[in-house]
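S.K.: Chains as they are written, first to last, in numbering that gives the first Met the number 0: chain A, 0 to 339; chain B, 0 to 377; chain C, 0 to 105.
Here a beta-carbon is modelled for each residue, glycine too, at the ideal position from N, C-alpha and C.
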Amino acid sequence: MSLRSDRVTMAHGGGGKAMQDLIQEIFTSVFAPPGMEDQARLFDVALLEPGARLAFTTDSFVVTPMEFPGGDIGKIAVCGTVNDLAVGGARPLWLSAAFIIEEGTEFALLRRIVASMAREAEAAGVRIVTGDTKVVERGAADGVFVTTSGIGVIPPGREMAAHQLQVGDLLLVNGALGDHGATILAARGDMALSTALQSDCQSLGHLMAAVLNAAPATRAARDATRGGVASVLNEMAQAAKVGIVIDETALPLRSEVKGMCEILGLDPLYLANEGTLVLGVPADQAEAALAAMRSRPEGLAAVRIGRVVGEHPGQVRMTTLFGGSRIVDMLVGEQLPRIC
Amino acid sequence: MKYISEFRDPIAAKALLAAIAQVTETLAATAAKPLQIMEICGGHTHAIFRYGLNKLVPDGIEFIHGPGCPVCVLPMSRVDECVEIAERPEVIMTTFGDAMRVPGYRKSLLQAKAEGADIRMVYSPLDALELARRHPDREVVFFGLGFETTTPSTALSIQQAAREGLRNFSVFCNHITVPEPIKALLDDPYMQLDGFIAPGHVSMVIGTHPYDFIARDYRKPIVVAGFEPLDLLQALLMVLQQLAEGRTEVENQYGRVVPEHGNPVSLAAIEDVYERRKQFEWRGLGQIDASGLKIRAKYAAFDAEEKFQIGYAAGPRHVVEPEGCACGAVMTGRIKPTACPQFGKGCTPEMPLGALMVSSEGACAAYWQYGGARGEAA
Amino acid sequence: MCLGIPGQIVAITDVARQMAMADVSGVRREVNVACIVEGDIDALVGEWALIHVGFAMSRIDEAEAAATLEALRDLGEAQETLQAMREGQQALQSGSSTPVAGGAGA
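Structure representation (structure tokens):
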């Protein structure tokens with residue numbers, strides 16, 4: 000092993016031998032990209048099919064704490080980008096991974112993050128083929144920032160998009176809502192709350208493939224991340240200029256997430272997720288979609304949460320426990336815990 | 000969830016609503032001439048809108064939203080003073096989340112944080128105490144606000160700090176009391192209120208007797224209510240039944256939590272740590288006598304105003320309300336949020352003019368959150 | 000003022016500072032129990048209390064909770080009876096052939 004210290008220093012970002020050692024030991028020895036040129040050179044036969052298209056997405060990941068129950072920044076960096084490809088109906092193929100590392104970061108932490116990414120990439124069936132590393136001075140970054148870009152291929156004839164939602168369509172989710180947001184809040188420690196909750200962080204490529212196989216007329220899918228399910232629903236309603244009505248009694252929530260929300264005065268609809276899909280499906284294919292999801296570990300608790308209506312276009316409403324109705328608006332700013 | 004789910008049972012709600020409808024009919028209340036019931040506490044306002052109770056009760060019942068939102072009634076000058084303390088480099092300012100977005104005349108705490116002030120959200124004053132123990136080189140200040148529900152927690156924390164001899168912990172005290180502003184509203188000839196729903200958790204501390212004057216001297220029914228939808232509906236029914244039977248009493252719907260004489264330990268701590276300020280400025284209501292709490296001289300070492308020579312210790316300053324701001328009228332129930340000319344226009348949750356739009360208990364925030372940008376909650 | 004939530008005391012963590020562990024639907028938080036201690040602090044384990052900003056502020060009275068729910072149930076039954084009576088009354092007045100609900104004297 001040629002890395003001499005146990006922490007990253009500015010020298011490791013300098014472009015010289017120390018940097019090469021860092022890249023080799025920590026990254027390429029684990030990711031094993033095909034070839035080591037400045038760019039990855041790739042081919043997949045699916046690209047040749049007439050009508051096939053490339054899907055291309057990018058995302059940056061900043062999370063504190065970097066390691067939390069159920070995952071770490073590496074895992075969400077892989078899952079987030081894989082999921083963004085999958086919800087567009089693409090088969091995810093290749094990822095790039097760029098790291099901005101704060102001076103003083105422990106190598107042990109970096110190794111764990113990279114191992115996590117390698118594991119997740121394998122599970123998702125993608126390869127990490129290229130990347131970049133930068134080191135910045137202490138204080139200029141909060142630990143490690145990761146940016147992943149991803150390429151996938153969309154088969155001919157598949158056109159999924161939020162604006163395709165139609166009145167009568169049903170809205171489905173693959174499992175419990177808000178687990179990631181609640182886990183992070185507890186993990187941060189400032190509220191001194193402890194739970195057994197884990198982040199729902201997971202890749203959804205295989206789940207999406209199963210759904211699209213069983214319900215090929217699926218109109219749209221979205222990965223509910225920051226801003227929660229409520230934000231995604233609002234985006235979909237606005238894109239399609241339709242109304243959406245969800246049923247409070249149908250929302251799948253773990254009791255610990257409900258407990259956290261009661262204690263802190265939060266609304267679970269706005270809590271972040273990292274492995275939750277929202278699907279818009281024509282009514283006659285909803286059962287098939289649900290069955291496909293429930294047959295996989297990522298979708299065991301899949302349920303229908305609402306439907307698309309012609310009234311109040313662009314707006315999302317919720318039928319409450321009591322049969323009353325309230326509006327579920329876009330999140331404004333950040334949801335802050337409250338005492339009142 | 001025990002003690003919560005049972006009190007959210009929709010079937011029981013239907014029965015309550017049917018009973019409420021019957022009594023409302025007996026009282027001949029209609030949309031044109033409704034019964035005006037004030038829910039004092041902002042937490043009740045929030046619950047009413049969250050469960051859509053305002054739309055489920057008959058048209059002859061109108062909920063008037065009271066001033067029971069301690070963040071909403073905080074004068075802008077107090078926010079400025081808090082920001083000033085927070086901007087000192089040695090200070091770690093700790094606060095509940097509710098206060099972060101409230102605009103001062105200069106800025107909000109959230110903005111000050113973005114500009115570099117060390118401001119941290121805490122769930123409890125105990126967490127602020129822990130920060131003080133861990134950072135002996137910094138001055139930890141707790142932004143103490145709220146009615147009698149949080150007043151004892153702050154007091155107990157100050158007593159604990161005194162026992163430990165902590166030198167770097169203080170409280171910027173903005174605690175206020177409920178009975179006084181209610182009296183001020185009752186004395187206002189403009190207000191036509193038929194009955195009150197009293198705050199459940201304030202009452203858990205002070206008991207039910209502080210409201211006796213409302214029933215006895217002002218002849219209005221008042222019922223202490225819990226925060227689940229069945230609690231609120233049952234309390235409303237009890238108010239209506241009093242009106243139908245010509246009674247004016249203080250009743251306790253929230254008996255499982257609220258003891259008649261309050262909590263002795265809390266009351267003793269409050270008495271030990273605080274005294275009433277002669278006058279305190281309430282945003283939208285002006286100066287109200289004996290309604291604000293000040294930390295007693297014996298605990299002056301834990302009083303941020305004394306430590307930093309700011310606020311009432313330096314001489315109060317009055318700040319002019321922004322142009323067009325109707326917070327006072329909304330808070331005293333004179334107008335509904337949607338009647339404020341700024342609602343949704345000059346004042347939104349992203350760019351608020353006043354606290355009611357950003358406090359989670361604020362009536363305007365409730366209308367916006369559950370009723371959208373046009374406040375369709377009404 | 001509000002956001003208090005019922006929680007169960009599951010352990011005493013610091014006798015001198017009067018601190019205990021409370022559980023709310025699987026979420027745990029250390030809380031101060033000075034307001035609810037009566038004599039022996041260990042007797043609190045298993046008790047339910049209203050938790051607000053890290054303090055257990057009032058014990059939840061199981062009997063009172065049951066009484067409130069009982070009153071609500073009675074109301075529910077009374078409403079059902081009233082409803083049945085009303086329907087019976089309407090049936091009588093409209094002269095329909097639907098049998099009248101017997102018993103309570105519509």
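Closest Cβ-Cβ distance between F95(B) and chain A: below 9 Å?
M.R.: Closer than 9 Å to some Cβ of chain A, the Cβ of F95(B) qualifies, so yes.
S.K.: Can we say the region 23–38 of chain A touches the region 135–143 of chain A, given the rule of at least three CB pairs closer than 8 Å?
M.R.: They do not touch, by the three-pair rule.
S.K.: Does the CB of S24(C) have a neighbour CB from chain E at under 9 Å?
M.R.: Reference to chain E is not applicable here, since the protein chains of this structure are A, B and C.
S.K.: Please state whether the Cβ-Cβ distance between A239(A) and A161(A) is less than 9 Å.
M.R.: Against a cut-off of 9 Å, the Cβ pair of A161(A) and A239(A) comes out as a contact.
S.K.: Going by C-alpha distance, which of E247(A), V210(A), I262(A) and L176(A) is nearest R225(A)?
M.R.: Of the listed residues, the one whose Cα sits closest to R225(A) is L176(A).
S.K.: Spatial neighbours of L211(A) within its chain, please: CB distance less than 7 Å, with the 5 preceding and 5 following residues excluded, ordered by chain position.
M.R.: G88 and T217, listed in sequence order.
S.K.: Report buried or exposed for T29(B), applying the criterion of at least 16 other Cβ atoms within 10 angstroms of its Cβ.
M.R.: Label assigned to T29(B): exposed.
S.K.: Anything in the region 246–257 of chain A with a Cβ closer than 7 Å to a Cβ of chain C? List those residues in chain order, please.
M.R.: Correct list: S254, E255 and K257.
S.K.: Going by DSSP, name the residue or residues bridged to W47(C).
M.R.: BP columns for W47(C) point to Q7(C).
S.K.: Determine the direct distance from the alpha carbon of L84(A) to that of M159(A), and round the result to whole angstroms.
M.R.: Near 12 Å, if we compare the C-alpha coordinates of L84(A) and M159(A).
S.K.: Could you check whether V272(B) and T153(B) sit closer than 9 Å to each other, using their CB atoms as the reference points?
M.R.: The answer is yes: Cβ separation under 9 Å.
S.K.: Identify every run of the beta strand (DSSP E) within the region 215–266 of chain B, keeping only runs that are complete inside it and at least 3 residues long; order them along the chain.
M.R.: Qualifying beta strand (DSSP E) stretches, in chain order: 221–223 and 249–251.
S.K.: Leaving out the 5 sequence neighbours to the left and right, which residues in its chain are closer than 7 Å to V139(B) when beta-carbon positions are compared?
M.R.: So the qualifying residues of the chain are I91, T93, A127, L130, A131, N167 and F168.
S.K.: Note the first and the last residue of the continuous beta strand (DSSP E) segment covering R40(A).
M.R.: Where R40(A) is concerned, there is no enclosing beta strand (DSSP E), given that its DSSP letter is neither H nor E.
S.K.: Within its chain, find whatever has a CB closer than 6 Å to the CB of I100(A); leave out the 5 residues flanking it on each side and keep chain order.
M.R.: Within the same chain, I100(A) has close Cβ partners V7, V134 and V143.
S.K.: Along chain C, in chain order, which residues have C-beta atoms closer than 9 Å to that of L268(A)?
M.R.: Those within 9 Å of L268(A) in chain C number zero; the least Cβ separation is about 18 Å.
S.K.: Would you check if there are 3 or more beta carbon pairs closer than 8 Å linking the region 29–43 of chain C to the region 6–21 of chain C?
M.R.: Touching, per the Cβ criterion.
S.K.: Can you check whether the CB of L203(A) is closer than 9 Å to the CB of N173(A)?
M.R.: Against a cut-off of 9 Å, the Cβ pair of L203(A) and N173(A) comes out as a contact.
S.K.: How about W367(B): is its C-beta nearer than 9 Å to some C-beta of chain A?
M.R.: Output row for W367(B): interface = yes.
S.K.: What are the residues that DSSP puts in a beta bridge with K133(A)?
M.R.: K133(A) pairs with I99(A).
S.K.: Using the beta-carbon count (16 or more within 10 Å), is L46(A) buried or exposed?
M.R.: Exposed, since its Cβ has fewer than 16 Cβ neighbours within 10 Å.
S.K.: Give me, in chain order, the residues of the same chain whose beta-carbon lies closer than 7 Å to that of A362(B); leave out the 5 immediate sequence neighbours on both sides.
M.R.: Answer for A362(B): T44, H64, V329, P336 and L355, listed in chain order.
S.K.: From V23(C), I8(C) and I11(C), pick the residue whose C-alpha is nearest to that of E261(A); which is it?
M.R.: Per the Cα distances, V23(C).
S.K.: Near E63(C), what residues of its chain come up, given a Cβ to Cβ distance below 6 Å and the 5 sequence neighbours on each side ignored?
M.R.: Hits under 6 Å: none found.
S.K.: Which one of Q7(C), V26(C), G6(C) and H51(C) has the shortest CA to CA distance from A181(A)?
M.R.: Cα-wise, what sits closest to A181(A) is V26(C).
S.K.: Starting from the C-beta of G167(A), find all residues in its chain whose C-beta is less than 6 Å away, skip the five residues before and the five after it, and write them out in chain order.
M.R.: So the qualifying residues of the chain are A282.
S.K.: Does chain B have any CB closer than 9 Å to the CB of G138(A)?
M.R.: It does not: the Cβ of G138(A) has no partner Cβ on chain B nearer than 9 Å.
S.K.: Please classify Y273(B): does DSSP put it in a helix, a strand, or coil?
M.R.: It is a strand residue.
S.K.: When you compare each of T104(A), V77(A) and D58(A) to M9(A) by their alpha carbons, which one comes out closest?
M.R.: Answer by Cα proximity: T104(A).
S.K.: Using only CA atoms, which one of W367(B), K297(B) and E304(B) lies nearest to G143(B)?
M.R.: Residue E304(B) is the option with its Cα nearest to G143(B).
S.K.: Going by CA-CA distance only, name the one from A197(B), A111(B), F171(B) and K297(B) that's closest to D230(B).
M.R.: Looking at the Cα atoms, A197(B) is the closest of the given residues.
S.K.: Measure the Cβ-Cβ separation of Y2(B) and R255(B) and say whether it is below 9 Å.
M.R.: In contact: Y2(B) and R255(B) (Cβ atoms closer than 9 Å).
S.K.: So, does the CB of A377(B) fall closer than 9 Å to a CB anywhere in chain A?
M.R.: In this prediction, A377(B) scores a pLDDT of 45, lower than 50, which makes its location untrustworthy; no coordinate-derived value is stated.
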